[in-house]
Amino acid sequence: MPVPQQFSRVLALDKSWRPTYVCSWQVAFSLIAKGKAKEEHVYDATVRTGSSELYIPAVIVLNKDVKWRRNKKRFSAHAVYERDGNTCQYCGQVFPESKLTQDHVIPACRGGKRTWDNIVAACLKCNQRKGPRTPAEAGMTVLNWPCPPKMGSFAIAHSIGNPPAEWLPYLPASEVNSDATSNMIDFGADAPDMD
Ligand SMILES: [Zn+2]
1436 MPVPQQFSRV
1446 LALDKSWRPT
1456 YVCSWQVAFS
1466 LIAKGKAKEE
1476 HVYDATVRTG
1486 SSELYIPAVI
1496 VLNKDVKWRR
1506 NKKRFSAHAV
1516 YERDGNTCQY
1526 CGQVFPESKL
1536 TQDHVIPACR
1546 GGKRTWDNIV
1556 AACLKCNQRK
1566 GPRTPAEAGM
1576 TVLNWPCPPK
1586 MGSFAIAHSI
1596 GNPPAEWLPY
1606 LPASEVNSDA
1616 TSNMIDFGAD
1626 APDMD
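Counting in the numbering used here, the sequence shown runs from 1436 upward without gaps.
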């Protein structure tokens, strides 16, 4: 019997109870069976595996801390758009990836590099308007000055989306009350080591 969508995601906390990743109930059961995690909270729903009927885990706690490493995320256009929430960093509008471009804040012709701290998502219109000029020269404001993404925050915020009620006590308040644009858990500048 398939598990209904709303019970299909499991929030994994690390040993220090930091939200670490979201996995499927199958992965969660496997981690528990291997002694790598314990069940912390279950959904009010069961699933039949073999001869037994088990409550579906909503939240599990891993038995180790996840190490956080700096800036491991690989630079790519997709990663830039993801960091910027698919939002043009000049006009503030959200676009599908296909309508976004990468803008060199400091233009390449002025020595601006294609790096995390010089590339932002920009819509075609804003990119064209800015041209090979600095934001100041173009009379434009960069909404969020670019920097390497906080990978842990990113990965988890991305996958949390609409958190089930069962997760709420385990999420930082900022995450629960956030809207789409500030949908980040701030773990500091460190990224997780997922092994
Ligand atoms: Zn724009």
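Glycine included, C-beta positions come from ideal geometry on N, C-alpha and C.
It should be emphasised that the depicted structure is a prediction, and the values quoted were computed from it without experimental measurement.
- For LYS1565, the distance from the CB to the nearest heavy atom of ligand 1 is not below 7 Å.
- Per DSSP, the continuous beta strand (DSSP E) segment holding ALA1480 begins and ends at 1472-1484.
- With contact defined as three or more Cβ pairs closer than 8 Å, the region 1532-1547 and the region 1489-1504 are not in contact.
- Distances from the CB of LYS1560 to the heavy atoms of ligand 1 include at least one below 7 Å.
- Apart from the 5 residues on each side of it in sequence, ILE1467 sits with its Cβ closer than 8 Å to the Cβ of LYS1473, GLU1474, PRO1492, ILE1495 in its chain, given in chain order.
- Looking at PRO1531, PHE1530, ASN1579, GLN1440, the one whose alpha-carbon comes closest to that of VAL1482 is GLN1440.
- Here GLU1532 is exposed. Its C-beta has fewer than 16 other C-beta atoms within 10 Å.
- Put simply, the backbone Cα of VAL1457 is about 27 Å away from that of SER1486.
- In this structure, TYR1525 has its CB closer than 7 Å to one or more heavy atoms of ligand 1.
- Within its own chain, the residues whose Cβ lies closer than 7 Å to the Cβ of ASN1553, once the five positions on either side in sequence are excluded, are HIS1539, VAL1540, ILE1541, GLY1547, PRO1581, listed in chain order.
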